[in-house]
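Only one structure is covered here, and it is reproduced in the block below.
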Amino acid sequence: MLSVLRTIWMVLLHSFRKRDTVLYPEVKPYLPPRYRGRIVLTRDPDGAERCVACNLCSVACPVDCISVIKGEDETGRWYPDTFQINFSRCIYCGFCEEACPTYAIQLTPDFEMGEFDRQKMVYEKSDLTISGVGKRPGYNYYRVAGMAVGGKDKGEAVSESEPVDIKTLLP
Amino acid sequence: MAKITIDGRQYDVDETDNVLKVALSKGFDLPYFCWHPELHSVGACRQCAVKQYKNGDDTQGQIAMACMTPASDGSLFSISDNEAAEMRAQVVEWLMINHPHDCAVCEEGGECHLQDMTLMTGHTRRRYIGPKRTHRNQNLGPFISHEMNRCIACYRCVRYYRDYADGNDLRALGSHMNVYFGRDTDGPFENEFSGNLVEVCPTGVFTDKTLGAHYIRKWDLQNAPSICTHCSLGCNTSPGSRRGELRRIQNRYHGEINHYFLCDRGRFGAGFTTRDDRPRQPLSRSANNVLEPVAKDDAIAAVRQAIASGRAIGIGSPRASIEDNYALRHLLGAEHFVNGLSAAESRASHAVRDLLADNANHIATLREVESCDAVFVIGEDVTQTAPRLALSLRQSAKTKHFELARAANIPKWHARAVHEAGQHHYNPIFEATPAATRLQDITAESTHGDAQTIAQLAFAVASRLDSQAPAPSNVDDELLKRAEIIAETLRNATKPLIVVGTGLGDSDVVTAAGNVMKALTTANDAAQIFPTLLEANSLGMSLFDAPSIDHALTQVESGDVDTLVVNQNDIFERAPTHRVDAVLKNLKNLVVLDHSLTETTARADHVLPAGSFAEADGTLINNEGRAQRFFQVFISEGPIQETWRWCADLARALGRPVRWNGMDDLITAIVDELPQFAGIQDAAPSQSFRKAGMRFPRGTHRQAARTALYAEIDVRERRPEVDADSALSFSMEGYHGSELPSELLAYAYAPGWESNQQAITRFQDEVGGHLKMGDPGVRIMTSKDNGGYTKLPQTNSDGGGWRVAPRYHIFDSESQSARAPAIAERVNGRQITVNRASADKLGVADGDSLSITIDGDALSLPVAIDDSLGDQVIGIPIGSQGVSGVHAASQVEA
Chain Z
27 MLSVLRTIWM
37 VLLHSFRKRD
47 TVLYPEVKPY
57 LPPRYRGRIV
67 LTRDPDGAER
77 CVACNLCSVA
87 CPVDCISVIK
97 GEDETGRWYP
107 DTFQINFSRC
117 IYCGFCEEAC
127 PTYAIQLTPD
137 FEMGEFDRQK
147 MVYEKSDLTI
157 SGVGKRPGYN
167 YYRVAGMAVG
177 GKDKGEAVSE
187 SEPVDIKTLL
197 P
Chain H
152 MAKITIDGRQ
162 YDVDETDNVL
172 KVALSKGFDL
182 PYFCWHPELH
192 SVGACRQCAV
202 KQYKNGDDTQ
212 GQIAMACMTP
222 ASDGSLFSIS
232 DNEAAEMRAQ
242 VVEWLMINHP
252 HDCAVCEEGG
262 ECHLQDMTLM
272 TGHTRRRYIG
282 PKRTHRNQNL
292 GPFISHEMNR
302 CIACYRCVRY
312 YRDYADGNDL
322 RALGSHMNVY
332 FGRDTDGPFE
342 NEFSGNLVEV
352 CPTGVFTDKT
362 LGAHYIRKWD
372 LQNAPSICTH
382 CSLGCNTSPG
392 SRRGELRRIQ
402 NRYHGEINHY
412 FLCDRGRFGA
422 GFTTRDDRPR
432 QPLSRSANNV
442 LEPVAKDDAI
452 AAVRQAIASG
462 RAIGIGSPRA
472 SIEDNYALRH
482 LLGAEHFVNG
492 LSAAESRASH
502 AVRDLLADNA
512 NHIATLREVE
522 SCDAVFVIGE
532 DVTQTAPRLA
542 LSLRQSAKTK
552 HFELARAANI
562 PKWHARAVHE
572 AGQHHYNPIF
582 EATPAATRLQ
592 DITAESTHGD
602 AQTIAQLAFA
612 VASRLDSQAP
622 APSNVDDELL
632 KRAEIIAETL
642 RNATKPLIVV
652 GTGLGDSDVV
662 TAAGNVMKAL
672 TTANDAAQIF
682 PTLLEANSLG
692 MSLFDAPSID
702 HALTQVESGD
712 VDTLVVNQND
722 IFERAPTHRV
732 DAVLKNLKNL
742 VVLDHSLTET
752 TARADHVLPA
762 GSFAEADGTL
772 INNEGRAQRF
782 FQVFISEGPI
792 QETWRWCADL
802 ARALGRPVRW
812 NGMDDLITAI
822 VDELPQFAGI
832 QDAAPSQSFR
842 KAGMRFPRGT
852 HRQAARTALY
862 AEIDVRERRP
872 EVDADSALSF
882 SMEGYHGSEL
892 PSELLAYAYA
902 PGWESNQQAI
912 TRFQDEVGGH
922 LKMGDPGVRI
932 MTSKDNGGYT
942 KLPQTNSDGG
952 GWRVAPRYHI
962 FDSESQSARA
972 PAIAERVNGR
982 QITVNRASAD
992 KLGVADGDSL
1002 SITIDGDALS
1012 LPVAIDDSLG
1022 DQVIGIPIGS
1032 QGVSGVHAAS
1042 QVEA
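In order, the protein sequence lines correspond to chains Z and H. Sequential numbering from 27 applies to the first sequence in the working numbering. Sequential numbering from 152 applies to the second sequence in the working numbering.
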């Protein structure tokens, strides 16, 4: 008998507590910047796309939902000809972000991606690319890598010396 | 045999080997760069450091380079020793100092030996922050990309290119930090085997440009065990595909044939399968006389009608598999089937077949060619018609180096010392060809003349070797003197080799080689024969015992036949153009089953899209009589299917019984009906073969993007394709273990070893030896002695007329590869060649245009003077820019 009364008392007390339930979607929850939601492709500080189509995200993906096809411009710069993510398979594990050597692919705190048609869950490069640098300001892969691309010749990358003159007789 | 101890365990090893080779053979993961099983040791990279102990009491030990240490009896080593491991980690660290941080944009990434070795040694973080040296790249032509920044200066490339392949336009330039591997100027490599640099280079300095153009990582490629279809040698390849498109050809190790290397034609010649002009739909000629796509059922009905209403004859092809050709023969009946070879080539190929049957116990493998100590090449310019053989012949000449080194007590793996001991001493190679060849830098003596002269020389050699052999009469003394020298050398050799080919389209040359072999083998049982033919299945076609294409043309001309069914063949390559033109005009129906838009395909009334080697399964018989199976690489979109499937569809439409559904039944049917092919059923495991209940994967264990690859078409994943014709699977699933049958090994990978040339180590009985599960293929030639010597043919030495010498070109003369865009880029300005005296007689100078009539066809090309040609001999370029093939009589008027 006593325990029943105690229970009723407890319930009564709880009616005056602050609510934990948030009235989504009117009220948006706070998600930290490192929350793993919708995937984006970022740009480098110079505004060019960061992705170099190395396919490491694709191979790191445990559900194999990323498909990248390499393209190469006339200056030798690699870029993704197509970049496709099947979000209906994505588990938002963030392995792709960890694998990315150029900080191109990043997960954002946006999770509102519901669709009635599953086909619409397939995102193309144009759906994924944003105009900013995302979480990694400052980094530009081609400034570090030794390959010559448009606007950066051999020897102009970070800590590189001038190209060797192979015709010189000096040691 | 010696006993050595590695990490406390004793192993029985060959004491003539070095410790690195032994350790790798025994399954140790010991990092290395500059060593290669075919290039041996130079001790340049210092990567394979191990600890060597004086004896059991020695606890200190000393660091030694495994590749430069003999595996002598009783020696003690440790690979896992801390100091040795630390040294290896340091070596990688200093090799990586200048490495450009560009794996993400490097075509080698994912199959890179440098990546493997950094991982194996545990070097994961860069400490060096100083400036890196950089280099400018060169444009190396359509085959190979160059990115010098990635170089670790292991010298493998120049050792392969200069010392092994005998090229001289790649060299190490500069010294110290400046060392650079490249050519003097931009431009394609001159050597025909430059493509191997892609695999020999342990980093991404040299990469495959044709792959780079539609790049995909190694782990995403769907591979299949395949056979190169661009010459008769049957090199094993591993083509890789993605999304139903062929991306590249890689070497597939075969211990008896190509081992580690391919020629450039084989490696870069597959582009013909991805051409836009390729027929991918059934086509029928419409009312306004153009080929238009039709539905598959309509096409079958139309072809059925054509065959049923007419008198049809089937034309087979030396490019197509035994199965494809048999199916066509079965569809139209044995008496309505021709082998698709030109009359001349057919005669020569049949002569080769008899030569092989005659010498069944003396047929060399390509690998054995490398150990022969005297070679007589009769009539064939092997660099152009069977390129991989030229690389092996070069090694046979260099066997002398190893012989001299052995006498000087130098171990065979000590590459520099062996090279110095050998200097410029080579085993003798004698060549008798129409003109100077690319092998002339290592030949002891070359004889040039037309087919008749070459046959006479061979007959003379035979008669000098054995007095029983018929001697040629009225031969000039010069030729006899040469024959004497050749005979003397062959007699004194321990393992002489005769190479003969069908390139001249002359069966007398082949029978002459048969006489030489007979004379040789009576004295020396170790003598070897190695014939070459012109196409991948030329020998297989000669086994069909069918008449040549001439028979079909004659039948049309006489009106007995009004319909031709052509399987993967271009009639214009097999007979003079004017004749074929006339024949095609008289036809009621021309049905073509092909994968390429050949001249014949363009003239067809009905075209059925046949699968190329990448879209079909089949068996090819190579020049040594070895039956080898190639497997479908991918299932293409649309109605492309094997010729044998088309033939089965047509037979059903015609209401004729079809005895086969899949490959297994088909092969059984072939062997039942044509006993000469007995053995081809053992060329590969049957389609029901399983290991632990599993199929064998075409994909790597980490093939990516499965759920996204076709998502833009349909988000629902496709059902995995099922292979009805082989034990392979079209996925990553299946048996990945070490007991994978060699015939079904689609690609090489072993844990920690991603790069093709290094990973294959784990599948070999010893490094550079045979495959553990046996080298693929079975020899099907049965021995049949035809008795004595062949008599001399009647010579028609009218002396007056011009004679033809076919001049082949590695990139132009084989019509499939010549269609590949990268290959086509390497063919420029083919010429008619004559010597100076002939040029004067014709009144032309170098570069002038010359018009001639060959077999009734007009040909007009610039002239080049080549003084190695004989008098009255005109060198005719065979290929897209000259004459399309060696035809019947090859009569020429200037």
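Built from N, CA and C at the ideal position, the CB exists for glycine as well. Note that this is a predicted model, so its numbers are computed, not measured.
Mind checking residue i: buried by the 16 CB within 10 Å criterion, or exposed?
| i | result |
| --- | --- |
| H/M328 | exposed |
| H/A353 | The amino acid occupying residue 353 of chain H in the given sequence is Pro; Ala does not appear at that position. Result: buried. |
| H/A678 | buried |
| H/E724 | buried |
| Z/E123 | buried |
| H/E905 | buried |
| Z/M27 | exposed |
| H/K736 | exposed |
Starting from the C-beta of residue i, find all residues in its chain whose C-beta is less than 7 Å away, skip the five residues before and the five after it, and write them out in chain order.
| i | result |
| --- | --- |
| H/P251 | K283, N300 and R301 |
| H/A375 | P390, F782, Q783, V784, R849, L879 and A897 |
| H/T516 | E407, I408 and E775 |
Could you check the C-alpha separation between residue i and residue j for me, to the nearest Å?
| i | j | result |
| --- | --- | --- |
| H/T749 | H/P469 | 15 Å |
| Z/R144 | Z/R64 | 16 Å |
| H/D963 | H/Q915 | 35 Å |
| H/D180 | H/G903 | 8 Å |
| H/W196 | H/P760 | As written in the sequence, residue 196 of chain H is Cys, which differs from the Trp given in the question. Whole-angstrom Cα-Cα distance: 51 Å. |
| Z/R115 | Z/S93 | 12 Å |
| H/I791 | H/E531 | 36 Å |
| H/A664 | H/A606 | 8 Å |
| H/D359 | H/K447 | 37 Å |
| H/T220 | H/C305 | 18 Å |
| H/K739 | H/R981 | 36 Å |
| H/A450 | Z/V66 | 49 Å |
| H/D999 | H/A726 | 28 Å |
| Z/G120 | H/L891 | 36 Å |
List, in chain order, every chain H residue whose beta-carbon is nearer than 7 Å to that of residue i.
| i | result |
| --- | --- |
| Z/S84 | A855 and A856 |
| Z/N166 | Those within 7 Å of Z/N166 in chain H number zero; the least Cβ separation is about 12 Å. |
| Z/I92 | A856 and A859 |
| Z/K96 | Y366 |
Excluding the 5 residues preceding and the 5 following residue i in the sequence, name in chain order all residues of the same chain whose CB lies nearer than 8 Å to its CB.
| i | result |
| --- | --- |
| H/H501 | S658 and S693 |
| H/L801 | I451, V454, R455, I458 and L482 |
Could you work out which residues of chain Z lie near residue i, taking near to mean beta carbons separated by less than 8 Å?
| i | result |
| --- | --- |
| H/N300 | G172, M173 and K180 |
| H/G325 | V190, I192 and T194 |
Interface residues of chain Z around residue i at Cβ under 7 Å?
| i | result |
| --- | --- |
| H/V866 | N112, S114, R144, Q145, M147 and V148 |
| H/H252 | V170, A171 and G172 |
| H/W795 | In chain order: nothing, as chain Z lies at least about 34 Å away. |
Residue i versus chain H: which residues are under 8 Å apart at the beta carbon?
| i | result |
| --- | --- |
| Z/T128 | A255 |
Can the beta-carbon of residue i be found less than 8 Å from the beta-carbon of residue j?
| i | j | result |
| --- | --- | --- |
| H/A638 | H/L616 | yes |
| H/H405 | H/P871 | no |
| H/E863 | Z/V37 | no |
| H/A537 | H/T683 | yes |
| H/T858 | Z/D136 | no |
| H/K202 | H/G194 | no |
| H/A834 | H/R780 | yes |
| Z/G177 | Z/E186 | no |
When the cut-off is 8 Å and only beta carbons count, does residue i lie next to chain B?
| i | result |
| --- | --- |
| Z/K54 | Of the protein chains in this structure, namely Z and H, none is chain B. |
Is any non-hydrogen atom of the ligand GDP found closer than 7 Å to the C-beta of residue i, if you look at the structure I gave you?
| i | result |
| --- | --- |
| H/L694 | Summarising the ligand content, the structure contains no ligands, and the ligand GDP is consequently not present. |
Can you list the residues of chain Z that residue i reaches, using a CB-CB cut of under 9 Å?
| i | result |
| --- | --- |
| H/I280 | S185 |
Quick one: what's got a C-beta closer than 6 Å to residue i's C-beta in the same chain, skipping five residues either side?
| i | result |
| --- | --- |
| Z/C77 | L67, P106 and A130 |
| Z/D70 | R76 and N166 |
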